[in-house]
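The block underneath contains the structure these notes are about, expressed in structure tokens.
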Amino acid sequence: MSKPGLRALIIGGYGTFGGRIATLLADEPGLTLVIAGRSAAKAATFCAKLARQGGATALVPLPFDRNGDLGAQLAATAPDVVIDATGPFQTYGAAPYRVVQACLDLGLPYLDLADGADFVTGIAGFDAVARARGVPVLSGVSSFPVLTAAVVRDLTPGWRAVTDIVAGVAPSPHAVVGANVLRAIASYAGKPVPLVRDGRPATGQAMTEVRRYTIAPPGVLPLRNTRFALVEVPDLRVLPPLWPGLRAIWVGAGTRPESVHWVMTALAWLVRLRLLPSLSPLAPLFHWGAGVLRWGEHRGGMFVEVSGRDAQGKAITRSWHMVAEGDDGPYIPAMPAAALVRRWLAGSPPTPGARAAVSELDLADYQPLFAPRAIRAGVRDTVEPGEPLFARVMGDAWGRQPAAWRAAHSVPADQPLVLAGRATVTRGRSLGARLAALVVGFPAGGTDVPVTVTMTGQRDTERWVRDFAGHRFHSQLHPGRGRSAHLMVERFGPAAFAQALVTEGAAVRLVLLRWTLFGLPLPLWLAPRSDAVETVESTPDGDRFRFDVRISHPLAGLIVHYRGWLRPA
Numbered sequence: 000m001s002k003p004g005l006r007a008l009i010i011g012g013y014g015t016f017g018g019r020i021a022t023l024l025a026d027e028p029g030l031t032l033v034i035a036g037r038s039a040a041k042a043a044t045f046c047a048k049l050a051r052q053g054g055a056t057a058l059v060p061l062p063f064d065r066n067g068d069l070g071a072q073l074a075a076t077a078p079d080v081v082i083d084a085t086g087p088f089q090t091y092g093a094a095p096y097r098v099v100q101a102c103l104d105l106g107l108p109y110l111d112l113a114d115g116a117d118f119v120t121g122i123a124g125f126d127a128v129a130r131a132r133g134v135p136v137l138s139g140v141s142s143f144p145v146l147t148a149a150v151v152r153d154l155t156p157g158w159r160a161v162t163d164i165v166a167g168v169a170p171s172p173h174a175v176v177g178a179n180v181l182r183a184i185a186s187y188a189g190k191p192v193p194l195v196r197d198g199r200p201a202t203g204q205a206m207t208e209v210r211r212y213t214i215a216p217p218g219v220l221p222l223r224n225t226r227f228a229l230v231e232v233p234d235l236r237v238l239p240p241l242w243p244g245l246r247a248i249w250v251g252a253g254t255r256p257e258s259v260h261w262v263m264t265a266l267a268w269l270v271r272l273r274l275l276p277s278l279s280p281l282a283p284l285f286h287w288g289a290g291v292l293r294w295g296e297h298r299g300g301m302f303v304e305v306s307g308r309d310a311q312g313k314a315i316t317r318s319w320h321m322v323a324e325g326d327d328g329p330y331i332p333a334m335p336a337a338a339l340v341r342r343w344l345a346g347s348p349p350t351p352g353a354r355a356a357v358s359e360l361d362l363a364d365y366q367p368l369f370a371p372r373a374i375r376a377g378v379r380d381t382v383e384p385g386e387p388l389f390a391r392v393m394g395d396a397w398g399r400q401p402a403a404w405r406a407a408h409s410v411p412a413d414q415p416l417v418l419a420g421r422a423t424v425t426r427g428r429s430l431g432a433r434l435a436a437l438v439v440g441f442p443a444g445g446t447d448v449p450v451t452v453t454m455t456g457q458r459d460t461e462r463w464v465r466d467f468a469g470h471r472f473h474s475q476l477h478p479g480r481g482r483s484a485h486l487m488v489e490r491f492g493p494a495a496f497a498q499a500l501v502t503e504g505a506a507v508r509l510v511l512l513r514w515t516l517f518g519l520p521l522p523l524w525l526a527p528r529s530d531a532v533e534t535v536e537s538t539p540d541g542d543r544f545r546f547d548v549r550i551s552h553p554l555a556g557l558i559v560h561y562r563g564w565l566r567p568a
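The sequence shown: position 540 = 539 (numbering that gives the first Met the number 0), numbered continuously.
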């Protein structure tokens with residue numbers, strides 16, 4: 000059991016990850032955080048800044064030399080737990096476990112945020128000593144592998160087998176990336192990485208094996224389709240023993256802007272082809288570039304996709320998607336350490352022994368840390384035959400929408416669904432607007448216009464015919480694939496528009512993210528602007544479906560704006 004209160008020493012406490020751990024714990028009464036690092040001035044400045052935020056945690060700055068006399072420094076500090084948030088753990092040289100050994104000599108519990116697979120797997124060599132001393136020694140207390148393992152468990156209750164795991168993280172291009180992270184990536188880029196393929200040990204090639212994926216929590220604006228490259232993380236080594244039937248595992252990082260990702264892949268290929276021995280000398284350049292080459296949406300995300308066989312032996316694929324807005328995403332790697340410290344304060348420290356921290360936390364332990372931040376996550380399941388088209392795209396957000404909205408988008412397989420109502424139509428007056436309306440067939444302006452929408456299911460598509468008082472135009476809708484995955488694609492002749500279905504309470508907003516003309520992708524700034532919102536309105540006669548669609552173009556201005564209501568006819 001823990002003592003009343005807790006004194007935690009964070010080595011690298013004012014650094015990128017240590018500072019975030021301290022920030023996450025700054026409101027914990029009964030906790031003393033010793034912020035340790037080589038610079039006493041930086042430690043004091045960090046503590047003063049954090050104290051001004053008004054937290055309940057006691058903060059103590061401490062000069063600490065990780066390469067000095069660790070035993071004397073740790074004994075003088077007398078912590079209840081030591082958290083190593085420095086790194087890069089891949090480059091610790093001939094004595095990588097100096098801090099671990101010093102903690103065991105003094106009987107001190109230890110956590111680290113190591114992302115090096117060799118370091119994390121090697122921690123098991125101290126298990127017997129840790130058990131004998133009665134202290135926990137946990138390595139890899141970060142998103143990879145703690146969050147990955149927690150998500151896989153959450154996605155697969157009762158499954159007979161887990162056969163494939165694919166995961167990836169896409170940090171915001173505006174996030175502050177620590178120099179140690181980039182030194183770690185540079186150290187293994189282009190080199191062999193142990194993993195599992197085809198059910199047996201194999202090797203991949205770091206930063207040169209790439210995949211594309213769309214991170215899209217149901218009902219949330221997704222990240223743009225992202226290019227991921229294989230990275231060396233502990234998951235590749237410590238997750239397969241947890242699921243013995245695993246046939247393949249792959250984990251990637253999606254650096255953005257994508258142009259930077261292409262450059263890093265190209266440089267990694269120079270190492271893979273043995274034209275360069277290593278990218279480590281370029282790590283300072285990478286760190287400089289990460290601080291300068293920042294453009295694109297200030298959002299990040301993570302996904303975990305699992306395939307296997309469910310309780311009935313049926314093949315199944317499920318995926319977990321998470322998007323973090325702004326500066327909230329960079330806190331996620333620090334959350335496992337914060338969650339464990341909070342458990343410690345509550346009287347539930349980890350059990351003694353040295354191990355990778357893959358079974359210490361569940362996904363539910365993250366929820367109190369996610370909740371106050373702009374972090375949203377959700378699950379997507381294998382699409383079942385016969386599900387409505389919108390249900391297939393929306394995932395578990397479909398069931399959260401009002402019944403009247405779902406009824407308006409549940410097209411039977413054997414007959415058309417017809418909705419009827421009234422609308423108001425406003426037309427743009429510019430030449431370009433009139434030409435676009437003529438090509439598509441948009442209706443003329445008017446108020447209280449009778450409108451009918453006929454939807455017909457055709458295999459994996461729906462054909463919508465909209466009739467405004469005799470003016471008809473039609474489109475085809477189908478689930479997006481490839482770079483439009485998890486989007487709804489609506490096609491008007493040669494033009495196709497891929498839109499996200501974003502829930503806003505009881506409303507659904509259709510947000511345009513990609514478009515093509517004759518199959519060729521075009522810049523989004525050239526696309527027509529579509530502001531479309533669907534809601535449900537309560538009336539004395541019952542709920543009815545409402546729509547509000549405004550289509551414009553930067554050059555032509557307003558093209559058409561139609562809004563109104565519909566009910567099943």
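Ideal Cβ positions, reconstructed from N, Cα and C, are used throughout, including at glycine.
Same chain, Cβ closer than 6 Å to residue i, neighbours up to 5 away in sequence not counted
i: Arg380; result: The sequence shown places Asp at residue 380, not Arg. Once the five neighbours on either side are set aside, the close Cβ partners of Asp380 are Arg317.
i: Glu231; result: Ala116, Tyr187, Val192, Ala205
i: Ala289; result: Val176
i: Gln475; result: Thr460, Arg462, Arg490
i: Trp564; result: Gly420, Arg543, Arg545
i: Ser529; result: Leu511, Ile550
i: Glu296; result: none
i: Thr502; result: Gly218, Ala396
i: Ala468; result: Val448, Pro449
i: Ala338; result: Leu360, Asp364
Beta-ladder partner(s) of residue i, from DSSP
i: Trp564; result: Arg421, Arg545
i: Gln204; result: Pro191
i: Pro449; result: Arg421
i: His260; result: In DSSP, His260 forms no bridge with anything.
i: Asp26; result: Bridge partners of Asp26: none, in fact.
i: Gly167; result: Gly251, Phe302
i: Tyr212; result: Thr225
i: Glu359; result: In the DSSP output, where bridge partners are listed per residue, Glu359 has none listed.
i: Asp530; result: Arg549
i: Thr538; result: Gly541
i: Arg196; result: Arg199
i: Arg354; result: Leu137
i: Leu220; result: Answer by DSSP bridge pairing: none, since Leu220 is not bridged.
i: Arg426; result: Val559
i: Val416; result: Looking at the sequence shown, residue 416 is not Val but Leu. DSSP output for Leu416 lists Met454 as bridge partner(s).
i: Leu274; result: Answer by DSSP bridge pairing: none, since Leu274 is not bridged.
Assumed close pair residue i, residue j - CB separation to whole angstroms, cut-off 8 Å
i: Pro567; j: Ala356; result: Contact flag wrong, Cβ pair sits at about 53 Å.
i: Asp466; j: Thr455; result: Their Cβ separation, rounded to whole angstroms, is 13 Å, which puts Asp466 and Thr455 out of contact at 8 Å.
i: Val439; j: Phe472; result: 5 Å
i: Thr147; j: Ala131; result: The Cβ separation is near 30 Å, so there is no contact.
i: Val80; j: Leu110; result: 7 Å
i: Ile9; j: Ala84; result: 6 Å
Cut-off 8 Å between Cβ atoms - residues of its own chain near residue i, not counting five sequence neighbours on either side
i: Thr425; result: Gly444, Leu557, Val559, His560, Tyr561
i: Gly157; result: Asp309, Ala310
i: Leu554; result: Gly431
i: Leu521; result: Trp514, Thr515
Neighbour flag for residue i against chain C, beta carbons, 8 Å
i: Met301; result: Among the chains in the structure shown there is no chain C, since it carries only a single protein chain.
Close Cβ partners of residue i (< 7 Å) along its chain, the five nearest in sequence each way excluded
i: Tyr13; result: Ile34, Gly36, Lys41, Ala42, Phe45
i: Leu516; result: Pro493, Ala494
i: His408; result: Pro387, Phe389
i: Val119; result: Ala113, Ser138, Gly139, Pro233, Val237, Ala355
i: Thr254; result: His260, Met263
i: Arg271; result: Gly189, Gln204, Thr207
i: Leu235; result: Ala116, Val192, Pro193, Leu194, Ile248, Val250
Heavy atom of the ligand GTP within 7 Å of residue i beta-carbon
i: Pro28; result: For the structure depicted, the ligand GTP is absent and the ligand set is empty, with no information on it obtainable.
Whole runs of the beta strand (DSSP E) within the stretch 361 to 402, excluding any shorter than 3 residues: 374 to 379
Uninterrupted beta strand (DSSP E) stretches inside the stretch 452 to 526 (no shorter than 3 residues): 460 to 467, 470 to 478, 487 to 491, 494 to 503, 506 to 516
Contact the stretch 158 to 173 vs the stretch 306 to 313: 3+ CB pairs below 8 Å: yes
In chain order, each beta strand (DSSP E) run of at least 3 residues that lies wholly inside the stretch 276 to 329: 298 to 308, 314 to 324
Those runs of the beta strand (DSSP E) which lie wholly inside the stretch 60 to 146 and span at least 3 residues: 80 to 83, 109 to 111, 135 to 138
Three-pair Cβ contact test at 8 Å for the stretch 393 to 407 versus the stretch 216 to 228: yes
Contact the stretch 119 to 129 vs the stretch 338 to 357: 3+ CB pairs below 8 Å: yes
Stretch pair the stretch 195 to 210 + the stretch 245 to 253: three plus CB contacts closer than 8 Å: yes
Cβ contact (3+ pairs, closer than 8 Å) linking the stretch 55 to 68 and the stretch 366 to 383: no
3 or more residues per run - each beta strand (DSSP E) lying fully within the stretch 3 to 56: 5 to 10, 30 to 36
Sufficient close CB pairs (3 or more, under 8 Å) joining the stretch 46 to 53 to the stretch 63 to 78: no
Segment contact, 8 Å Cβ cut-off, at least three pairs: the stretch 23 to 31 with the stretch 84 to 102: no
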